[in-house]
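Colleague: Chains as they are written, first to last, in the working numbering: chain E, 59 to 357; chain C, 59 to 357. We put the beta carbon where it would ideally sit given N, CA and C, even for glycine.
Protein chains: 2
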Amino acid sequence: MSSQRDDATRPAAAGPPGVTAGTRGPAPGAQAHRAPEAGRSFWGGVELLWELETETQRPRRRTGTALDREQIVREAIRIADTDGLDAVTMRRVAQQLGTGAMSLYRHVPDKDALVALMVDTVIGDMIGESPLPPQVALPPGLTWREGLRLIAESNWQTCREHRWYPEATIAQPPLTPNGLAGLEAALSLFDGYDLAVTEKMMFVTAVHQTVLHAALNLLLEERSRARFQVDDAEVFAGASAFLGKMAASGRYPRVTELISRIGQEPQDAGAERDWILAGVDLILDGIAARLAQHDARKP
Amino acid sequence: MSSQRDDATRPAAAGPPGVTAGTRGPAPGAQAHRAPEAGRSFWGGVELLWELETETQRPRRRTGTALDREQIVREAIRIADTDGLDAVTMRRVAQQLGTGAMSLYRHVPDKDALVALMVDTVIGDMIGESPLPPQVALPPGLTWREGLRLIAESNWQTCREHRWYPEATIAQPPLTPNGLAGLEAALSLFDGYDLAVTEKMMFVTAVHQTVLHAALNLLLEERSRARFQVDDAEVFAGASAFLGKMAASGRYPRVTELISRIGQEPQDAGAERDWILAGVDLILDGIAARLAQHDARKP
DNA sequence: CCTCCAGTGCGTACGATGTACCCTATGAGT
DNA sequence: ACTCATAGGGTACATCGTACGCACTGGAGG
Chain E
59 MSSQRDDATR PAAAGPPGVT AGTRGPAPGA QAHRAPEAGR SFWGGVELLW ELETETQRPR
119 RRTGTALDRE QIVREAIRIA DTDGLDAVTM RRVAQQLGTG AMSLYRHVPD KDALVALMVD
179 TVIGDMIGES PLPPQVALPP GLTWREGLRL IAESNWQTCR EHRWYPEATI AQPPLTPNGL
239 AGLEAALSLF DGYDLAVTEK MMFVTAVHQT VLHAALNLLL EERSRARFQV DDAEVFAGAS
299 AFLGKMAASG RYPRVTELIS RIGQEPQDAG AERDWILAGV DLILDGIAAR LAQHDARKP
Chain C
59 MSSQRDDATR PAAAGPPGVT AGTRGPAPGA QAHRAPEAGR SFWGGVELLW ELETETQRPR
119 RRTGTALDRE QIVREAIRIA DTDGLDAVTM RRVAQQLGTG AMSLYRHVPD KDALVALMVD
179 TVIGDMIGES PLPPQVALPP GLTWREGLRL IAESNWQTCR EHRWYPEATI AQPPLTPNGL
239 AGLEAALSLF DGYDLAVTEK MMFVTAVHQT VLHAALNLLL EERSRARFQV DDAEVFAGAS
299 AFLGKMAASG RYPRVTELIS RIGQEPQDAG AERDWILAGV DLILDGIAAR LAQHDARKP
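1) Whole-angstrom Cβ separation of residue 343 of chain E and residue 348 of chain C, contact assumed at under 8 Å?
2) Tell me which same chain residues have a C-beta within less than 6 Å of the C-beta of residue 146 of chain C, skipping the five on either side of it?
3) Tell me whether residue 246 of chain E is buried or exposed, calling it buried when 16 or more other Cβ atoms sit within 10 Å of its Cβ.
4) Any contact of the stretch 256-268 of chain E with the stretch 301-311 of chain C, i.e. 3+ C-beta pairs under 8 Å?
5) Considering just the uninterrupted stretch of the alpha helix (DSSP H) at residue 223 of chain E, what are its terminal residues?
6) Does the beta carbon of residue 178 of chain C come closer than 9 Å to any beta carbon on chain E?
7) Given this structure, state the Cα-to-Cα distance separating residue 358 of chain E from residue 207 of chain E, to the nearest angstrom.
8) Mind checking residue 318 of chain C: buried by the 16 CB within 10 Å criterion, or exposed?
9) Could you give the DSSP three-state label for residue 310 of chain C: helix, strand or coil?
10) Cβ closer than 7 Å: which chain C residues qualify as neighbours of residue 337 of chain E?
11) Just to make sure I have the definition right: I need the residues of chain E whose C-beta is within less than 7 Å of the C-beta of residue 255 of chain C. Which are they?
12) Listing by chain order, which chain C residues have their CB less than 8 Å from the CB of residue 268 of chain E?
13) Flag this pair as yes or no: are the beta carbons of residue 209 of chain C and residue 266 of chain C separated by less than 9 Å?
14) Within 10 angstroms of the Cβ of residue 309 of chain C, are there 16 or more other Cβ atoms? Answer buried if so, exposed if not.
15) Exposed or buried, which one is residue 225 of chain E when buried takes at least 16 other CB atoms within 10 Å?
16) Hey, does residue 230 of chain E have any beta-carbon neighbour from chain C nearer than 9 Å?
17) When you compare only the Cα positions, how much space is there between residue 333 of chain E and residue 142 of chain E?
18) In the DSSP assignment, find the alpha helix (DSSP H) that holds residue 352 of chain E and state where it starts and stops.
19) Within the 9 Å Cβ cut-off, does residue 341 of chain E reach chain C?
20) Step through the CB atoms of chain C and report whether any lies within less than 9 Å of the CB of residue 161 of chain E.
21) Taking the alpha-carbon of residue 272 of chain E as reference, which of C/275, C/273 and C/268 has the nearest alpha-carbon?
22) Relative to the C-alpha of residue 128 of chain C, which residue among C/158, C/166 and C/350 is closest?
23) Would you tell me roughly how many angstroms separate the C-alpha atoms of residue 337 of chain C and residue 157 of chain E, rounded to the nearest one?
24) Would you mind telling me which residues of chain E sit closer than 8 Å to residue 242 of chain C, beta carbon to beta carbon, in chain order?
25) Given a cut-off of 9 Å, decide if residue 174 of chain C and residue 230 of chain C are closer than it, judged by their beta-carbon atoms.
26) If the criterion is Cβ atoms closer than 9 Å, does the pair residue 216 of chain E and residue 223 of chain E meet it?
27) So the alpha helix (DSSP H) residue 174 of chain C belongs to, where does it begin and stop?
28) What is the rounded straight-line gap between the Cα of residue 163 of chain C and the Cα of residue 144 of chain E?
29) From what residue to what residue does the alpha helix (DSSP H) around residue 140 of chain E run?
30) For residue 340 of chain C, is the classification buried or exposed, using 16 other Cβ atoms within 10 angstroms of its Cβ as the cut-off for buried?
31) Would you decide whether residue 199 of chain E is buried or exposed? Buried here means 16 or more other CB atoms lie within 10 Å of its CB.
32) Taking Cβ-Cβ distances shorter than 8 Å, what residues in chain E pair up with residue 349 of chain C?
33) Scan the stretch 137-157 of chain E for residues whose Cβ lies nearer than 7 Å to a Cβ of chain C and list them as they occur along the chain.
34) Cβ atoms of residue 232 of chain E and residue 177 of chain E: under 9 Å apart, would you say?
35) Can you give the Cα-Cα distance for residue 218 of chain C and residue 270 of chain C, rounded to whole angstroms?
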């Protein structure tokens, strides 16, 4: 996506005030001359996920199909994992599967839905895919702090495993079975506290956003770093000229220090993890302060 | 989205075994026959902004040009304000300006750069466009808490004034003169504290991200709300069926409560502002806790 | 005066993308 | 065996960013 637009919220958490998600216009490069959008996907193809759940009862598939939704989504994920989210193209996915692009549309309403399905699948993997129990992934007996931290860590792991994940989910809050299951589990951490649901939601969201953003920023950084190595020296010269000019201007002493500090540190994978976890702890401290302020503990 | 991956296709070695259709010849992407990518934009056309600063000294324009960068950017902003970021198209901008699409490329390297310029311009307006002084927009004598809150508020205002702003800036951090000036000012709030720059940075970005995300979520919500009103009842039915199914499943009691709670509240503009400011305060509490922990205050 | 020429404006065209529309094959139900 | 809903897939189009090249402009040098 390069494309262009995408938005915000996460697996275990949804948007703050309103929970609704949006579908972008027709599509970045698509057409919109069709007024009614009859069978148009509503929330990023989310309802499709829900159909699925009840649909298993009916003998849906009448014939041995060579293609099915799961397969398509898995392939799309594989492509995104190796070549980035932008490489996920209807044609590319189809080609990889040995079929035509339009065949995919028998199983997926549109591309936004496909991305939503990718996100939901990844969340499902992360959460453990437990079928029915409302209490999903969290071991029992955790404090809210331990629980949220654990969620943050597994989110982070997912972000690193599927680099496209932040980009995809930030754009479209996953109001999908797995996404909501994660949110539900996170909210349950505050069951013992007498707070408005919306406030609990705020806590969960804050943590989630922090992780996703950190991952997203890291992704962007990696991209430009990759560019450095591949591209010709001319680009590099332009970049360093830019940095040099900034430092030379003397108008940004603190920023300059920041950049040089970042540049000189090793930045191994462990450091990254520690860094984002530090950010999470910042939020957790805020929550603790807020709880102490309310101090309306029950049990 | 989006679209910075035009060259992503370079790793296109990933072509499936033999099936790859045409286009593999010269290069996967659009233009690749031009090896060096001579004037290619590096960080979203950022260096272009920096050129500008020193370039004013030279008598750049030799003739009375009908078009200039400022004008283009302003027009793009106007379009985005009224019709959304997706409506900002090279053709559209040009048309509005009464010229051809390609004329814009005399003043802007590519579309990503145009968006970067839009963001920088908006930040400039927010920050006050003070020319040289390093200390930009903040009145003196503020505590870090007051200062960060003030920044959060003005960011929020900008987000509401230019709904496309979060979308545009989240993907591509504004390493532009105005963007860095804002960051510099924010960092200066912690001048009196003996902390690592990176830690100060973490504080500032945490606040910033919270605001941007809240705005982004709100934008998504508004989009789908608009859709409700315009679209046919069929879509609405699908949506409520989705919500109903979710509630009926009984697997998401907390989420269900959350949604119903949100649905019944009035949600005026003031409430939105209060909501995001509450989120900001959460972060601020976290920062306060962290500072107290370090408690290395100087004067 | 005319001749250059850097630089602007802009039309044309290409490659890529999402997907509407239409046609064919298949196999379950009658 | 016949019907027909469904899966698979080809073709075509609208739209986008933008490479390329030509036409025009107005000052500098002869």
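Modeller: Well, looking at it:
1) 6 Å
2) 134, 137 and 138
3) buried
4) no
5) 223-229
6) no
7) What is shown of chain E runs 59 to 357, which leaves residue 358 of chain E out entirely.
8) exposed
9) coil
10) 260 and 264
11) 312, 315, 316 and 319
12) 264 and 267
13) yes
14) buried
15) buried
16) yes
17) 24 Å
18) 327-352
19) yes
20) no
21) C/268
22) C/166
23) 48 Å
24) 309, 310, 311, 312 and 313
25) yes
26) yes
27) 169-185
28) 24 Å
29) 127-141
30) buried
31) exposed
32) Per Cβ cutoff of 8 Å: no residues; residue 349 of chain C is ~10 Å from chain E at best.
33) 140, 141, 142, 144, 145, 153 and 154
34) yes
35) 10 Å
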